[in-house]
Structures are given as C-alpha cells and as structure tokens.
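Take a look at the structure below.
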Amino acid sequence: MSKFALQSIPLYLSEMAPPQYRGAINNGFELCISIGILIANVINYGVQKIEGGWGWRISLSMAAVPAAFLTIGAIFLPETPSFLIQRDGNVDEAKMMLQRRNILKKKYRPQLVIALLIPFFNQVTGINVINFYAPVMFRTIGLGESAALMSAVVTRLCATVANIVAMIVVDKFGRRKLLLVGGIQMILVLVIMCVFVAGFAWSWGPLTYLVPTEICPLEIRSAGQSVVIAVIFLMTFVIGQTFLNMLCHLKFGTFFLFGGWVCVMTLFVFFFLPETKQLPMEQMEQVWRKHWFWKRIVGEGEEEVDQAHTGAGAIAMSTAPHSS
C-alpha cells in the first residue's frame, strides 16, 4: 500500500493543484507522513509497558486504520485533467507516449538525472537512520527505554513543525532556496539531531516528491515518478541494512559520511536544479532551455527529434502514390 501511495499521491497532487499553490499542496503529503510517524512514535511510547507481548501487536495492528481510510477515500477521488486529456486523445499516440523507454530519450535527460539523484540524495542524508534507529541511538548514550522513545517523539514533533513551515514558504521562496538552505542547515548542525531532522523536513523531505513530479512532462511523468520511488526504496533498504555495521566500524565517522553526501547534494542543487515555483507544469520545458547546463543537452535532443520527423516525412513523401 505504501509503495502505491508514494507512486501515485505526489503525481495526483501536482496535476490537480494550481501552479501558485502546487508546492504547498504537495508538501502536505510529506506533512501527513510526518504526522503519521509522530503518531506511531506516540503509540509506541504508550504501549511499551503493556505486558504479555501485546504492546507491539497493538502498535502494528493500528496501522490498518489509516490504510483503510486511504483505500476507501481513493474510490471517491476524481481523475486529474491531464489524465483525462491523455485518455480521451488519440489512442495510438497515447500508447506511444506512455512507453517507458521515452524517459531515456536525450531530450528528457535533465528530468531523468534529477529524478534519479534527488531521491538518492534524500536517502543518503541519513534521515532514515534517525527514523529507524533513534531510540537505539538514544539508549546508547545512557537514556532508559522510556526516555529514548520519548526523545524519538520530540524529534518527530520538530520535523512535523518544519513540514508546516515548508507548506507556508515553498511557493514564496521557491524550491531551490529551500533545498539549498536546508542542505546548508543539515551540514552545519548534523550533530544536533532535532535541528537536522527539521532541516530535512522542510526541504529535502517534501521536495523529493514534489520536484520530480512537476519537472516531467505528461508523457514521462508516470515513468519519472516510478524511478523516484524505486530509488527511495532501494536506498532505504541499503542504508537500513548497513547503518549498524557502519556505526560499529566507522563510529562517529558514519555521520561525517552522511555530512559529505549533504555537501554533494547541496552543490548539485546549486548548479544543476532550476527553480520551478509557480510555473505551470505544461510550460516546464522552457526552464531547461534557459538553464546554463541542460540547454545544451535538451537542444541536442530536440535536434534529434526534428531530424527524425524530417526523415519520416521524407520517407512518407517518397512512398506516397503520385498522380499522373
């Protein structure tokens, strides 16, 4: 269920939202995730002392409640205008547009690179280390089990507040500024866990889902979001499985490793990610044509497409029957 939601909800919100409110509405998705994690942490804290092994059973079973709301609520959602236009158009053309390999074309190289790197950078910040192992890390510094669970609640509360801030400011200040400032914030204060989580929660957390959905044109939007979700789940698995081993061998160097990745991803945003705030999704192509780096690749891709169309037209003319 979570994989389907991560794939479809950011796409749905981006296509339904007006350009001037698209950032705030899409950031509401990350806010809801943060609230859900906060509620889960509170439940874990509340059921920890239930005897007979029922604590974890209660905590796990309550996840079925929001899943049921999501499933039932989805029945009543209307289709997006973009989907309706695509569905009611030429069937053969729509099938051609929906081919997954379209995203590999040169003219879509900027979207593919960003759709790969933004979720990758999202995960190598180390945010899921905190989400997964915060109680463990708090216990290693001497806190009891109850105090460790409560510390995880406080950490997530900070993230939830930061998500609300992101909803308010994302359409005013833009995506680039939030990603750049959030990256710098995480570099400077990685050792202060709550501030680090807040920096992630109002920048790389929500914008990881927003930016790829709005930069991809309709014909590759679904494929682009599939790439994003695949990278997120792959890196979540890798980091979740390797963190404890890294902590044992690298010790505090583990966090320097994450800090190094934060430096890399902040530089990537500064040089390679154009600003897209309040720009209609249908006009997003002009952003790549004006960018100092991507305009060379996009231009070459368009030339290839024009040549292909020209060649096809020449073939059609040569094979057409001539009147006497």
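For what it's worth, UniProt numbering labels the leading residue of the sequence shown as 1, then goes sequentially. A virtual CB, placed ideally from N, CA and C, is assigned to each residue, including glycine.
Check: Can you give me the Cβ contacts of Asn-122 inside the same chain, cut-off strictly under 7 Å, excluding the 5 residues immediately before and after it?; Outcome: Trp-204, Thr-208, Ile-232
Check: Where does Cys-32 sit, in a helix, a strand or coil, going by DSSP?; Outcome: helix
Check: I need the straight-line Cα distance from residue 326 to Val-161, nearest angstrom please.; Outcome: Nothing about residue 326 can be reported from this structure: the residues present for the chain run from 1 to 324 only.
Check: Going residue by residue through the segment 101-142, where are the continuous alpha helix (DSSP H) segments of at least 4 residues, counting only ones entirely within it?; Outcome: 109-124, 127-140
Check: Mapping the DSSP letters down to three states, classify Cys-216 as helix, strand or coil.; Outcome: coil
Check: Where does Cys-158 land, buried or exposed, given buried means 16+ other C-beta within 10 angstroms?; Outcome: buried
Check: Between the segment 109-119 and the segment 228-247, can you find at least three pairs of beta-carbon atoms closer than 8 Å?; Outcome: yes
Check: Rounded to whole angstroms, what is the Cα-Cα separation between Val-295 and Arg-289?; Outcome: Note that residue 295 is Lys in the sequence shown here, rather than Val. Their backbone Cα atoms lie some 4 Å apart in a straight line.
Check: With DSSP collapsed to three states, give me the class of Met-16.; Outcome: helix
Check: Just how far apart, CA to CA, sit Glu-30 and Leu-60?; Outcome: 21 Å
Check: Helix or strand or just coil, what does DSSP make of Trp-202?; Outcome: coil
Check: Would you mind sorting Phe-4 into buried or exposed? The rule is 16 or more other CB atoms within 10 Å of its CB.; Outcome: exposed
Check: Determine the extent of the alpha helix (DSSP H) in which Thr-71 is found, giving its start and end residues.; Outcome: 64-74
Check: Excluding the five sequence neighbours on either side, which residues of its own chain have a C-beta within less than 6 Å of the C-beta of Glu-15, listed in chain order?; Outcome: Thr-80, Ser-82
Check: Could you spell out where the alpha helix (DSSP H) holding Phe-252 opens and where it closes?; Outcome: Premise fails: Phe-252 is in no alpha helix (DSSP H) and is neither H nor E.
Check: For Ala-152, which of Met-281, Val-136, Trp-292, Leu-112 has the nearest alpha-carbon?; Outcome: Val-136
Check: Spatial neighbours of Gln-48 within its chain, please: CB distance less than 8 Å, with the 5 preceding and 5 following residues excluded, ordered by chain position.; Outcome: Gly-55, Glu-145, Ser-146, Leu-149
Check: Output needed for Val-154: all residues of its chain with C-beta closer than 8 Å, excluding positions within five of it in sequence on either side, in chain order.; Outcome: Cys-194
Check: Evaluate Tyr-21 with the Cβ neighbour count: other Cβ atoms within 10 Å of its Cβ, from every protein chain shown; 16 or more gives buried, anything less gives exposed.; Outcome: exposed
Check: Taking only the alpha-carbon atoms, compute the straight-line gap between Phe-237 and Ala-67 and give it to the nearest angstrom.; Outcome: 22 Å
Check: Just verifying my parser: in three-state terms, what is the DSSP assignment at Pro-78?; Outcome: coil
Check: Taking only three categories from DSSP, how would you classify Met-284?; Outcome: coil
Check: Since Val-211 and Thr-276 should fall inside the 8 Å C-beta cutoff, what is the C-beta to C-beta distance between them, to a whole number of angstroms?; Outcome: 7 Å
Check: Do the segment 125-136 and the segment 252-264 touch if we need at least three Cβ pairs shorter than 8 Å?; Outcome: yes
Check: In chain order, what residues of the same chain lie with their CB nearer than 7 Å to the CB of Ala-312, ignoring the 5 residues before and after it?; Outcome: Legend: pLDDT at Ala-312 = 39, less than 50; position of this residue unreliable, no value from coordinates given.
Check: Indicate the three-state DSSP secondary structure (helix, strand or coil) for Gln-185 in the structure shown.; Outcome: helix
Check: Under the rule that 16 or more other beta-carbon atoms within 10 Å means buried, what is Ile-33, buried or exposed?; Outcome: buried
Check: Please list the terminal residues of the continuous alpha helix (DSSP H) segment that includes Lys-49.; Outcome: No alpha helix (DSSP H) contains Lys-49, which DSSP labels as neither H nor E.
Check: For Arg-175, which residues in the same chain have their Cβ closer than 8 Å to its Cβ, ignoring the five residues on either side in sequence?; Outcome: Gly-23, Leu-207, Leu-210, Val-211, Leu-273, Glu-275, Thr-276, Lys-277
Check: Using only the alpha-carbon positions, how far apart do Val-298 and Met-284 sit?; Outcome: 12 Å
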